[in-house]
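Chains F and B, in that order, give the protein sequences. For the first sequence, the residue numbers in my numbering are 1158 to 1640. For the second sequence, the residue numbers in my numbering are 1158 to 1640.
Protein chains: 2
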Amino acid sequence: MAPALRPRTPPNILFFSLLPVAAWLVLRPLLDPAPPLPALHASLGFSVLALLGALYLVPALGNTFVHANLKGRDLLKIYDDPVPESLGLVCASIYILLLILFIPFAFSDFFNREHDSTRKPREGLVINEFPHHQLSVYLSSLLSLLIATMLGFLDDVFDIRWRHKLPIPIIASIPLLIVYYSEHGTTDVVVPIPLRWLLGSLLNLGPLYYVYMSLLSTFCTNSINILAGINGSEVSQALIIALSVILNDLLYLPWPFGFRIPLPLHLLGRPGVEVGGVWSAGMAYGSRLLVERHLFSLYFMLPLVGVCAGFMFHNWYPARVFPGDTLCYVTGMAFAVVGIQAHFSKTLLLFFLPQIFNFVLSCPQLFGLVPCPRHRVPRFDADTGLLYPSKAGFKNHAPSRLSALTLHVFSSLGLVELTEDPKTHAITETTNLTILNVFLLRFGPMREDSLVKVLMGTQVAGSVFAFVVRYGLAGLVYDGNRR
Amino acid sequence: MAPALRPRTPPNILFFSLLPVAAWLVLRPLLDPAPPLPALHASLGFSVLALLGALYLVPALGNTFVHANLKGRDLLKIYDDPVPESLGLVCASIYILLLILFIPFAFSDFFNREHDSTRKPREGLVINEFPHHQLSVYLSSLLSLLIATMLGFLDDVFDIRWRHKLPIPIIASIPLLIVYYSEHGTTDVVVPIPLRWLLGSLLNLGPLYYVYMSLLSTFCTNSINILAGINGSEVSQALIIALSVILNDLLYLPWPFGFRIPLPLHLLGRPGVEVGGVWSAGMAYGSRLLVERHLFSLYFMLPLVGVCAGFMFHNWYPARVFPGDTLCYVTGMAFAVVGIQAHFSKTLLLFFLPQIFNFVLSCPQLFGLVPCPRHRVPRFDADTGLLYPSKAGFKNHAPSRLSALTLHVFSSLGLVELTEDPKTHAITETTNLTILNVFLLRFGPMREDSLVKVLMGTQVAGSVFAFVVRYGLAGLVYDGNRR
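Rendered as structure tokens:
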């Protein structure tokens, strides 16, 4: 085994310093006086456990995976040694097991009603009467996550062709949809102000809402899966999106202090819009429903950040383990779950801007306009150690008129580099249509770890932009922020 | 591929005749006048779908499994061709997917309250107000089944050593226990009459009840898994136990006619006990809770019978596919789920008599008193085509005094055949301690399909005995039948 491939061992000090922290966070809700949001406290503790689990179990189980033939070659390296594949399964298992063990903290009376007397009324209002039927929603989310894990692992074992696996997340979202239906979930959407003269302020989408939900999970899952191929790319996307969702959730929690952020929106010519309004007690304006929804989201996102951070330690360049499709499926499904169940799917999609860009860019290859090789990852040059854009060639036939037009448009936008036949001027080759190749085209060849940092920077920039749009511009087309 | 190993194709006529039946059963509850138990109607329809799914998907997917290296040699045949292994995964997937799709039928108002006016009051009383929190119980059961499936499949892929996998079902039962705890499930048990002077009529087991539940799932799962090794053995056990549970459930449904079965219990010297009492409207005596519980059990058992029957067609001697551990795990977990959630775990254990016998018999090998080879299946003799008892030898050391004593006791009961050293009279070999080897010892060598028929006959006899004990003798130590 190449020395570069020895499992990375996290320092023991981390384990012995974080374990007591986790234990304290989990057990703190049992002590008097109980903290204002006991379940959130425990959730934080479980997230630390998730981090520790991923940090220490992933390297320990790597060999088992290699023996079970779950291994792959790293295409962008000089060595040929097998790298354990599908370790996302370990992350998913830790994640789901912790979410199951968390159930009593969120839903049992023992942790919630017992401390009534000692709690301040405002901060306690949320958890004390956590509606019991929410448990069904939580359980159906777990079922969906588990099915996504299962299907991701089956994909890794049976190596399903990617075009066949596009609909797989729909299967995983069935429990979500079925329970949503059985629980009489609302299928209304708020109509933007400019369209209200036509549609009214609430529009009941009916069955279309279910189509929307299953498409959302399909998108979240696959869009992470197709922005893959370099060390750390999948898990870093998941990590940054999860952190963005958490930041958004925190805005809705009952903070003990009021704050107000005046954005310079008068520059846009709408001086009258008060952006975000008074941010006292969070953006929830005291709405218990909103606080509950965002707590639900936090319960799913905090441990996800834990496993992703732990896994990233081992998946970082040069990767000691690969995530497999399992990680993409389970993280994508987790985002879909919180977007749907906590009703902020539009905001969620804003955090997926790089993925949306990558998906739109990929469409000509996904839908057969442009040849799609088995791997579209950048090309590794062993001499320089740098990555270059990879190419897809029109081997058997010249591009159709539509393909050529699309590629010329992309080319004029600087998104692809075309090679043309010097005689006929027909396109013979194009760089593959992924955001990673675009980065390499625009910023020049670079090392694999630089590329993943560019990707992460883009993801962060996308999230910043998303917050500006969500809490700045959205005020122009929606009234209030209660969506 | 040997001709004997070509997938068995079920006749097309079956598909085209059963599909309309299934469709009618599923859609019937939507038509006026609704049947008395609409969800049960739909459940029957889903079971037919489960049968069809297993019948047609198992042979279709066999090759995919072989390509993914999920294959095994049939140890008891003359040919060496690889047989697809772990096809229990297909069964489990069909089963769980159908159970998820069934949720609206059991729990949504659309299927239940809408037909109020047209329903006769007594027959409708059950479903109309199906308690909504039951959905959580149902979902946690699904989670446990899914985890059992996942772990079974992981076991097949990673080939976990059997001694390490004994506790796996405990992990799978966690959702069950956690939700039971969060929902404040009762932890009381009814005390038998002879012990009431000591313990009172109800005993609160508290945390011990959770230990009991997890042990029950461990037992149900592993006891099927260790009574394995010949074609059709796992699935036929599951099928017969499921049918027994269904028969038991049916006794508690509101039948439109009354009946009374006088068992000749006066022969036992207790003429005063009225066995079963008046069996009007089922054994539930109008108790809605009991009817609900047994309906819940039926929802899980009916589709299980469907997949098991379909799978058996392909797993029957000579087997075209193997179930893998996945099937044992998911079926065992399904029995544990209904036993726990519908509160008839004692009755359930009565249906496991052959498994209990096999487990007790196996203990000396499981716990290291007697050497335990990797496979304990009977030995196949290629010349005669018959199975003979397989043997385990004391190679390295003579048996300890305890081992020798145990084996001599078993030998005097006719359960093992010992080979002794002619000089020292020390035991050198014993037949393996499984019920299958006992059959071969008692009834002589036989063909594999005869042996599985003997096993099935024993299982049926055990169930008949179980019913006699449950509804005959139990009246001697318990009052009433409301457990």
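Quick reminder that beta carbons are idealized off the backbone N, C-alpha and C, glycines included.
{"Check": "Let me check understanding here. Comparing Cα to Cα, which of 1206/F, 1217/F, 1453/F lies closest to residue 1463/F?", "Outcome": "1206/F"}
{"Check": "Measure from the C-beta of residue 1166/B to each C-beta in chain F and report whether the shortest distance is under 8 Å.", "Outcome": "no"}
{"Check": "Return no unless some Cβ of chain F is closer than 8 Å to the Cβ of residue 1361/B.", "Outcome": "no"}
{"Check": "Looking at C-beta atoms only, is the number of pairs between the region 1305–1324 of chain B and the region 1244–1260 of chain B that lie closer than 8 Å three or more?", "Outcome": "yes"}
{"Check": "How far does the beta strand (DSSP E) with residue 1576/F in it reach, from first residue to last?", "Outcome": "1575–1577"}
{"Check": "I'd like to check one pair, residue 1305/F with residue 1487/F: are the Cβ atoms closer than 8 Å?", "Outcome": "yes"}
{"Check": "With 16 other CB atoms within 10 Å as the buried threshold, where does residue 1146/F fall?", "Outcome": "Given that chain F is displayed from residue 1158 to residue 1640, the structure contains no residue 1146/F and the question cannot be resolved."}
{"Check": "Quick check: the region 1620–1627 of chain B against the region 1559–1571 of chain B, are there 3 or more CB pairs under 8 Å?", "Outcome": "no"}
{"Check": "Measuring CA to CA, which of 1322/B, 1185/B, 1485/B, 1403/B is closest to residue 1245/B?", "Outcome": "1485/B"}
{"Check": "Would residue 1226/B count as contacting chain F if we go by Cβ distances under 8 Å?", "Outcome": "yes"}
{"Check": "Check distances from the C-beta atoms of the region 1288–1302 of chain B to those of chain F and list, in chain order, the residues that come in under 8 Å.", "Outcome": "1289, 1290, 1292, 1293, 1296, 1297, 1299, 1300"}
{"Check": "I believe residue 1588/B touches residue 1573/B by the beta-carbon criterion, under 8 Å. Please report the beta-carbon distance rounded to the nearest angstrom.", "Outcome": "5 Å"}
{"Check": "By a C-beta neighbour count over all protein chains shown, 10 Å radius and 16 as the cutoff for buried, is residue 1371/B buried or exposed?", "Outcome": "buried"}
{"Check": "Residues bridged to residue 1588/F by DSSP?", "Outcome": "1548/F"}
{"Check": "What does the alpha-carbon distance come out to for the pair residue 1629/B and residue 1409/B?", "Outcome": "16 Å"}
{"Check": "I need the straight-line Cα distance from residue 1302/B to residue 1179/F, nearest angstrom please.", "Outcome": "30 Å"}
{"Check": "Among 1176/B, 1314/B, 1298/B, 1177/B, whose alpha-carbon lies nearest the alpha-carbon of residue 1226/F?", "Outcome": "1314/B"}
{"Check": "Does the Cβ-Cβ distance between residue 1616/F and residue 1331/F come in under 8 Å?", "Outcome": "no"}
{"Check": "Under a Cβ-count criterion, where at least 16 other Cβ atoms within 10 Å of its own Cβ denotes burial, should residue 1368/F be classed as buried or exposed?", "Outcome": "exposed"}
{"Check": "Touch check for the region 1520–1535 of chain B and the region 1492–1501 of chain B: three-plus C-beta pairs under 8 Å?", "Outcome": "no"}
{"Check": "Determine the DSSP secondary structure at residue 1614/F, reduced to helix, strand or coil.", "Outcome": "helix"}
{"Check": "Out of 1193/B, 1453/B, 1608/B, which one is the CA nearest neighbour of residue 1591/B?", "Outcome": "1608/B"}
{"Check": "Which residues, in chain order, does the region 1323–1354 of chain F contribute to contact with chain B at a C-beta distance below 9 Å?", "Outcome": "1328, 1331, 1332, 1335, 1336, 1338, 1339, 1340, 1341"}
{"Check": "I'd like the span of the beta strand (DSSP E) that includes residue 1228/F, first residue to last.", "Outcome": "1228–1230"}
{"Check": "Taking residue 1602/F as the reference, give the member of 1558/F, 1539/F, 1354/F with the closest Cα.", "Outcome": "1539/F"}
{"Check": "Near residue 1461/F, what residues of its chain come up, given a Cβ to Cβ distance below 6 Å and the 5 sequence neighbours on each side ignored?", "Outcome": "1399, 1491"}
{"Check": "Between the region 1364–1394 of chain F and chain B, which residues of the former have a C-beta closer than 9 Å to a C-beta of the latter?", "Outcome": "none"}
{"Check": "Classify residue 1209/B: buried if its beta carbon has 16 or more other beta carbons within 10 angstroms, exposed otherwise.", "Outcome": "buried"}
{"Check": "Can you pull the chain B neighbours of residue 1203/F, defined as C-beta to C-beta under 9 Å?", "Outcome": "Within chain B, no residue comes near residue 1203/F; the closest Cβ sits about 13 Å away, beyond 9 Å."}
{"Check": "Write down the C-beta distance between residue 1293/B and residue 1333/B rounded to the nearest angstrom, noting that I regard them as a contact closer than 8 Å.", "Outcome": "With a Cβ gap of about 11 Å, residue 1293/B and residue 1333/B do not count as contacting."}
{"Check": "So for residue 1348/F, helix, strand or coil by DSSP?", "Outcome": "coil"}
{"Check": "If you check the beta carbons only, do residue 1300/B and residue 1300/F fall under 8 Å apart?", "Outcome": "yes"}
{"Check": "Give me the Cα-Cα distance between residue 1240/B and residue 1163/B, rounded to the nearest whole angstrom.", "Outcome": "10 Å"}
{"Check": "Is residue 1164/B helix, strand or coil when you go by DSSP?", "Outcome": "coil"}
{"Check": "Using the three-state DSSP reduction, which class does residue 1286/F fall into: helix, strand or coil?", "Outcome": "For residue 1286/F, the predicted structure reports a pLDDT of 45, less than 50, and the residue's modelled location is therefore unreliable. The matter cannot be settled from this model."}
{"Check": "Less than 8 Å between CB atoms is the rule here; does residue 1175/B satisfy it with respect to chain F?", "Outcome": "no"}
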